[in-house]
Ligand code: FES
Ligand SMILES: [Fe+2]
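In our numbering, the protein residues as written are 1239 to 1604.
Right, dumping it as C-alpha cells:
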C-alpha cells in the first residue's frame, strides 16, 4: 500500500492522545469519515456468491443507498439501477422479452443491460419518442473466486484483482462464504472488526473459544503489513491480571487450554483479515441503506483434493455455526446497539483511530 498513507494512519500519537483523553470532546476528528454514510467509493466490493445468481433470474439488492438489479444472461453478469425512470417501479420485478435487455413489469419500458439505455417502450410502439431519452445507471461487475464483485465509483475501474486480497486469488484457495444484511452502520461494523479489546470480553465465552483462553488484555502496535493492510501486532499478552480491591480477572477455567492470539488486519474500503493459523477469515461491510450494511464473511484455506473436501466439511459442520453464526452474531448484536457520538475512547481504541485515519486519508484524496 501507499506507505505514507499507512504511516499517517497509525502514527498519529498526538491525535490519539487527544481522542482518548477527550481533549476534543464534541469535536469531529474525522469529518470525511463521519460523513461517509454511503461508504468509500472507487473500490470493488464482493456482493454475492456466483452460484446465487442463476441464469435469467434477476436479483435485487440495495447497496450504497442505491437499488441495483443483478442479472445473468449466457453466463455474463450485468448490474443496472433497479428503479424504472418512468414511475419508479423496481425493474427487477419485470421480465426479459429480448436478449440483452430487460423490461419493466409496469408499462414495458425496455433497457439495454450493457448500457442502461431505454431501447424500447413496448406500450408506445416502435417509434416511441421516449426511446433514447431515458436510461438507468450501470455498474461494472466481475466474477472472481466464485464471487460477484461490483465496482462502486466513477470512471473506469482498475482490474478487479487490485482490490481482492491475494490469498483469495490463489489457485488453491478453498473459499466458503456467509452473506447477510444486518442492522447497524457499516462504520460501526468495520470498527468492531478491528476493535482491539472486545475479543477478550464479548467473545470470551463463545462456542468458538470454548477451549481457548484469550488473554485478559494485550498491548499492540499497529503498522503497515503486506498488501494494503494495517495490522495489529501483539507486543505483550497478559493472561491474568490483579485488579486492586477487586480481585483477579479473568477467572481460571480448567478446560480452557489453548492460547488464543490471532493476527488482525484491516484495509480500505472496509475489509478485515483475521489469521486463525491454518485458515483465514475475511469480512467486508457494504453500506446498504442508512443504518444497515451487507456483511460478507469468508473463510479461506489453501489446500486441494481431499484437504479441500475436509475443509468444506469442517466449515459446514462446525465453523459456519460456531464462528460465522454464533461468534459473529455476538458482534452483530453490539453493532446494532451501538450509538455514537458521543463516545469516550480508551487505550485499546487506538485500533479504531488507526482505521478512521486510514479512511480519512483516502477520502481526502478523492
Ligand atoms: S414504471 Fe416502468 S414502465 Fe412504467
Ligand atoms: Fe468480534
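Ideal Cβ placement from N, Cα and C applies to all residues, glycine included.
As the structure is a prediction and not an experimental result, all values here were calculated from the model.
For the alpha helix (DSSP H) holding residue i, just list the boundary residues, first then last.
| i | result |
| --- | --- |
| residue 1519 | Unbroken run through residue 1519 is the beta strand (DSSP E), 1517 to 1525; no alpha helix (DSSP H). |
| residue 1596 | 1588 to 1603 |
| residue 1571 | 1566 to 1575 |
| residue 1427 | 1424 to 1432 |
Using DSSP with H/G/I as helix, E/B as strand and the rest coil, what is residue i?
| i | result |
| --- | --- |
| residue 1402 | coil |
| residue 1273 | coil |
| residue 1347 | strand |
| residue 1439 | coil |
| residue 1389 | strand |
| residue 1316 | strand |
| residue 1450 | strand |
| residue 1308 | strand |
| residue 1336 | coil |
| residue 1379 | strand |
| residue 1330 | helix |
| residue 1558 | helix |
Here's the rule I'm using: 16 or more other beta-carbon atoms within 10 Å means buried, otherwise exposed. How should residue i be labelled?
| i | result |
| --- | --- |
| residue 1439 | exposed |
| residue 1542 | exposed |
| residue 1414 | buried |
| residue 1481 | exposed |
| residue 1434 | buried |
| residue 1348 | buried |
| residue 1476 | exposed |
| residue 1486 | exposed |
| residue 1554 | exposed |
| residue 1577 | exposed |
| residue 1405 | buried |
| residue 1317 | buried |
| residue 1428 | buried |
| residue 1337 | exposed |
Between residue i and residue j, what straight-line distance do the alpha-carbon atoms span, to the nearest angstrom?
| i | j | result |
| --- | --- | --- |
| residue 1506 | residue 1366 | 46 Å |
| residue 1572 | residue 1409 | 36 Å |
| residue 1432 | residue 1522 | 12 Å |
| residue 1375 | residue 1309 | 14 Å |
| residue 1593 | residue 1466 | 12 Å |
| residue 1421 | residue 1381 | 27 Å |
| residue 1418 | residue 1372 | 33 Å |
| residue 1599 | residue 1483 | 44 Å |
| residue 1271 | residue 1457 | 26 Å |
| residue 1452 | residue 1423 | 28 Å |
| residue 1351 | residue 1325 | 19 Å |
| residue 1295 | residue 1280 | 28 Å |
| residue 1389 | residue 1306 | 12 Å |
| residue 1302 | residue 1377 | 12 Å |
| residue 1590 | residue 1583 | 9 Å |
| residue 1286 | residue 1446 | 25 Å |
| residue 1412 | residue 1518 | 10 Å |
Indicate, with yes or no, if ligand 4 has a heavy atom lying under 7 Å from the CB of residue i.
| i | result |
| --- | --- |
| residue 1569 | With respect to ligand 4, the structure shown offers nothing to examine, as its ligands consist of ligand 1 and ligand 2. |
Mind checking which residues open and close the beta strand (DSSP E) that includes residue i?
| i | result |
| --- | --- |
| residue 1540 | 1530 to 1540 |
| residue 1551 | Looking at the DSSP string, residue 1551 is not in any beta strand (DSSP E); the run it does join, the alpha helix (DSSP H), is 1544 to 1552. |
| residue 1487 | 1485 to 1487 |
| residue 1582 | Run containing residue 1582: none; DSSP gives neither H nor E here. |
| residue 1612 | Only positions 1239 to 1604 of the chain appear in this structure, which leaves residue 1612 out of reach. |
| residue 1368 | From DSSP, residue 1368 is part of no beta strand (DSSP E); its letter is neither H nor E. |
| residue 1513 | 1509 to 1514 |
| residue 1293 | No beta strand (DSSP E) holds residue 1293; DSSP gives it neither H nor E. |
| residue 1356 | 1356 to 1359 |
| residue 1267 | Careful: residue 1267 lies outside any beta strand (DSSP E) and carries neither H nor E. |
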